[in-house]
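Peer 1: Mapping of the sequence shown onto full-length UniProt numbering: position 22 corresponds to residue 22, and the numbering continues sequentially without gaps. For each residue, glycine too, the CB sits at the ideal point set by N, CA and C. Please see the structure below; I have some questions.
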Amino acid sequence: MKKMLTELNKARQDLKELKEEPVIWDACETTQNKSSKGTNTRYSQGLFSLGSCNSNNMSIEDSVKEALEFLARHRKEGKRPEALEVMSRDELVAEKVAIQKVLLNFESMHGRPSSKTHRELVRPLYDRYRCTKRLIARINASKDSAELQPILEHETMHFETSEQTKDEREVQVVAGEAKTSHIFENGGKGSKMAGLQHINFHELSLSELTDELNMVRDEKRRLRKLLRDFEDQFKKEHGRKVQR
């Protein structure tokens, strides 16, 4: 069961990472907006040395070369190895920040790469950035898994986490809503979620957790529809909205 929960956490982390990857430039833009307000004046001064060249006249090829040289110097000053796989978590974070700054400065000079040729030139920076993010996420996931305590067969599993996951919060919210859903049901039929409060979700398999989550979401949509219908009917009968 511990292995299944670890796989579930890893799948969630991979999904989160895939959702974040397409917005690398957006993240850079956010940082740029902050810098324009004076939070970090170094952004407006350039993040890697351009020598005696005019940055506006530099070709994309020269900018990429300059960026890679800057990152190499940055690693040397920070005493970090070049291979990402042998870096510690702190070194990976420093590398990620440096690459993000380089991408920000590159965009300020050339804009977002639009043509296939330009994208291929900048690809090494993007690939290294994404690889750095994945390694950091993997280390964080391994750290979370290591915090799980061994559970004896005769004891119930209890997990101590700093915050509940979104899916767990959904289950608890809907379970609470299910207790009052009979108000909107005709004939006083019991809710599908009536037994959820008695389930120990840590004892379910990965497929069972998925089924329960899907059922929770379906029930939540149904309850919301019932609530909207009730509010509409109340407004028609009383000429005002329901007071919450």
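#1: Among A141, T132 and L68, which residue has its Cα nearest to the Cα of N105?
#2: Could you name each continuous alpha helix (DSSP H) segment of 4 residues or more that falls completely within the region 73–111, going from the start of the chain to the end?
#3: For a quick check, are the C-beta atoms of L135 and L84 less than 7 Å apart?
#4: With a threshold of 16 other CB atoms inside 10 Å of the CB of F70, please say whether the residue is buried or exposed.
#5: Given that a residue counts as buried once 16 or more other Cβ atoms are within 10 Å of its Cβ, and exposed if not, what is T132?
#6: Can the beta-carbon of I139 be found less than 7 Å from the beta-carbon of R89?
#7: Given a threshold of 16 other Cβ atoms within 10 Å of its Cβ, counted over all protein chains shown, does Q233 qualify as buried or as exposed?
#8: Output the boundary residues of the alpha helix (DSSP H) element that contains Q243.
#9: With a threshold of 16 other CB atoms inside 10 Å of the CB of P81, please say whether the residue is buried or exposed.
#10: Can you tell me which of the three DSSP states M58 falls into?
#11: How many angstroms separate the CA atom of R128 from the CA atom of F230?
#12: Just how far apart, CA to CA, sit K241 and R217?
#13: How many angstroms separate the CA atom of R224 from the CA atom of L206?
#14: Return the residue from the list A141, R228, V64 and R221 that minimises the CA-CA distance to V102.
#15: Is it the case that the CB of R112 approaches a heavy atom of the ligand ADP more closely than 6 Å?
#16: So, is A72 buried or exposed, given that buried needs 16 or more other C-beta atoms within 10 angstroms?
Peer 2: Straight from the coordinates:
#1: Here the question's residue 105 lines up with position 105 in the sequence shown. The shortest Cα separation from N105 among A141, T132 and L68 belongs to L68.
#2: Within the region 73–111, the complete alpha helix (DSSP H) runs of at least 4 residues are 89–110.
#3: Stepping through the sequence shown from its first residue, residue 135 is reached at position 135. Stepping through the sequence shown from its first residue, residue 84 is reached at position 84. A contact, by the Cβ cut-off of 7 Å.
#4: Position 70 of the sequence shown, counting from 1, holds the residue named residue 70. By the neighbour-count definition (other C-beta atoms within 10 Å, threshold 16), F70 is a buried residue.
#5: The sequence position of residue 132 within the sequence shown is 132, counting from 1. So T132 counts as buried.
#6: As a first step, residue 139 must be located in the sequence shown, where it is residue number 139. As a first step, residue 89 must be located in the sequence shown, where it is residue number 89. With contacts defined as CB atoms closer than 7 Å, I139 and R89 qualify as a contacting pair.
#7: Taking the sequence shown and counting its residues from 1, the one referred to as residue 233 is at position 233. Taking every protein chain shown into account, the CB of Q233 has fewer than 16 other CB atoms within 10 angstroms, so this residue is exposed.
#8: For the purposes of this step, residue 243 is identified with residue 243 of the sequence shown, where counting begins at 1. Taken as a continuous stretch (DSSP letters only), Q243 belongs to no alpha helix (DSSP H), as it is neither H nor E.
#9: Taking the first residue of the sequence shown as position 1, residue 81 is located at position 81. Label assigned to P81: exposed.
#10: Position 58 of the sequence shown, counting from 1, holds the residue named residue 58. In this structure, M58 counts as coil in the three-state DSSP scheme.
#11: Counting from one through the sequence shown, the residue named residue 128 turns up at place 128. Counting from one through the sequence shown, the residue named residue 230 turns up at place 230. Those two C-alpha atoms are separated by around 54 Å.
#12: If you number the sequence shown from 1, residue 241 lands on position 241. If you number the sequence shown from 1, residue 217 lands on position 217. A direct Cα-to-Cα measurement between K241 and R217 gives close to 26 Å.
#13: Position 224 of the sequence shown, counting from 1, holds the residue named residue 224. Position 206 of the sequence shown, counting from 1, holds the residue named residue 206. Rounded to whole angstroms, R224 to L206 spans 27 Å at the Cα level.
#14: To locate residue 102, count along the sequence shown from 1; it is residue 102. V102 has its Cα closest to that of V64, out of A141, R228, V64 and R221.
#15: Among the components of this structure there are no ligands whatsoever, and the ligand ADP is therefore not found.
#16: Position 72 of the sequence shown, counted from the first residue, corresponds to residue 72. A72 is exposed by the Cβ-count criterion.
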